[in-house]
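What follows is a single structure, written as structure tokens, with notes after it.
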Amino acid sequence: MADLEEYRAKRNAGETPEPLTPKRRRKRSRPIFVVQRHSARRLHYDFRLEHDGVLRSWALPRGVPLRAGERSLAVHVEDHPLEYATFEGDIPGGQYGAGWVEVWDHGTYEVQRERPDGTLTVILHGGRLQGEWALVPAKLDGEERNWLIVRAAKEGALGPARHYEPMLARRAKRVPAGEEWAFEIGWNGTRALSPMEGAKARFEHAAGKKLDARCKELLGRMPRAVRTSECVLDGVICEFDEGAAYVVFDVLEIEGAVLLDEPWTRRRELLAELLDDHVGEVRLSRAYDDGAALRTAARAQGLGVVAKRRDAVYREGALSGDWRLLD
Ligand code: MN
-1 MADLEEYRAK RNAGETPEPL TPKRRRKRSR PIFVVQRHSA RRLHYDFRLE HDGVLRSWAL
59 PRGVPLRAGE RSLAVHVEDH PLEYATFEGD IPGGQYGAGW VEVWDHGTYE VQRERPDGTL
119 TVILHGGRLQ GEWALVPAKL DGEERNWLIV RAAKEGALGP ARHYEPMLAR RAKRVPAGEE
179 WAFEIGWNGT RALSPMEGAK ARFEHAAGKK LDARCKELLG RMPRAVRTSE CVLDGVICEF
239 DEGAAYVVFD VLEIEGAVLL DEPWTRRREL LAELLDDHVG EVRLSRAYDD GAALRTAARA
299 QGLGVVAKRR DAVYREGALS GDWRLLD
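Mapping of the sequence shown onto my numbering: position 232 corresponds to residue 230, and the numbering continues sequentially without gaps.
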């Protein structure tokens, strides 16, 4: 079994919840891989491959590249014990890697080839990650530990992100009745779609307004707020007493899968899974069942209410009766 000395030296027994003593495991037919999202001082995704009884590990500051031929930095770090593959939780402040860890994807892998220079090509069989990636000891900036992770050129269904037009709500006077309706606050602010590609987010303003410094700050928080590097969100940039926030109420695309034809309820489920609620500046717009009560509460705050049909698809660029603005 490979040596975990460096791994143990960095961690304090009794003060971190992470596994410290490896147990012997039964041999599986195929080795496992895991990607853990680690919201530490610097957000990164830890990419780990089972090898020789431990997990060979790389920290990916921009996540796993998903586009054909895309490459990004993979910092080679110390081997981790196999038990780490299922670790999720908070590492207390002051400890090594302080922050929170969650499993982003896991599965098995096959080694496609290993070159004499150390380049390792693997086929992943995961929930989200399927297909070929290569790990290349590129020594970026002359640093031994700075590898590259490369998505195979022929793979990756993702093209350049599509341009979307926001769906608009029709004005209405009466709160629609029936269980097919859900209700949200009609947020005051700037409506903006936010496409994210390769962990870089931008705002596309319906009103074509220029981005100011607060917006740039929000965009900087987006990779930490969203559990992916590729998606398109819809929401409103709001000014609250505590600062600016992007209040998100819909998701149009995740990792190349277009969601426009999914019912609103399904898009909401996916959106709730996507947003990390540790991040206050990017938050989910809550949905309510009781429209009349929400309207009373919203009016008291000078806000409107938007009624949404639960089974409605996202009608791009359309003024639709499936969304109704009550003010
Ligand atoms: Mn980490």
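Note that CB positions come from ideal geometry on N, CA and C, so glycine has one too.
* To do: Compute every distance between the C-beta of Q93 and the non-hydrogen atoms of ligand 1, then say whether any falls below 8 Å.
  => Here residue 93 corresponds to residue number 95 of the sequence shown, with the count starting at 1. No.
* Would you report the Cα separation of R189 and S55, rounded to the nearest angstrom? -> Here residue 189 corresponds to residue number 191 of the sequence shown, with the count starting at 1. Here residue 55 corresponds to residue number 57 of the sequence shown, with the count starting at 1. In a straight line, the C-alpha of R189 is about 40 Å away from that of S55.
* Taking 8 Å as the cut-off, does the CB of D248 come closer than this to any heavy atom belonging to ligand 1? -> If you number the sequence shown from 1, residue 248 lands on position 250. Outside the cutoff, so no.
* Using only the heavy atoms of ligand 1, determine whether one of them is closer than 8 Å to the beta carbon of V62. => Counted from its first residue, the sequence shown places residue 62 at position 64. No, since every heavy atom of ligand 1 falls outside the 8 Å radius drawn around the Cβ of V62.
* Under 7 Å Cβ to Cβ from L18, same chain only, skipping five residues before and after it: list those, please. => Locating residue 18 in the sequence shown gives position 20, counting from the first residue. Around L18: R6, R9 and A11.
* **Whether S192 touches Y107 by CB criterion (9 Å)** => Indexing the sequence shown from 1 puts residue 192 at position 194. Indexing the sequence shown from 1 puts residue 107 at position 109. No. Outside cutoff.
* Shortest alpha-carbon distance to S323 belongs to which of A223, R172, R219 and C229? -> Along the sequence shown, read from residue 1 onward, the residue named residue 323 stands at position 325. The residue asked about is misnamed: residue 323 is Leu in this sequence, not Ser. The option with the nearest alpha carbon to L323 is R172.
* **Backbone CA spacing between A96 and R281 [nearest angstrom]** => To locate residue 96, count along the sequence shown from 1; it is residue 98. To locate residue 281, count along the sequence shown from 1; it is residue 283. A96 and R281: Cα-Cα distance of roughly 23 Å.
* Would you say H42 touches ligand 1, meaning its beta carbon is less than 8 Å from a heavy atom? -> As a working note, residue 42 is residue 44 in the sequence shown. Flag set: Cβ of H42 near ligand 1.
* Asked: Cβ of V99 within 8 Å of any heavy atom in ligand 1?
  -> The residue labelled residue 99 in the question sits at position 101 within the sequence shown. Flag set: Cβ of V99 near ligand 1.
* In three-state terms, what does DSSP make of M165? -> Position 167 of the sequence shown, counted from the start, is the residue given in the question as residue 165. Note: M165 maps to coil in three-state DSSP.
* **Which listed residue (P221, A167 and L146) has its alpha carbon closest to that of E314** => Within the sequence shown, numbered from 1, the residue matching residue 314 stands at position 316. The shortest C-alpha separation from E314 is found at A167.
* Would the C-beta of H36 count as close to ligand 1, meaning under 8 Å from any of its heavy atoms? -> Along the sequence shown, read from residue 1 onward, the residue named residue 36 stands at position 38. Yes, since a heavy atom of ligand 1 falls inside the 8 Å radius drawn around the Cβ of H36.
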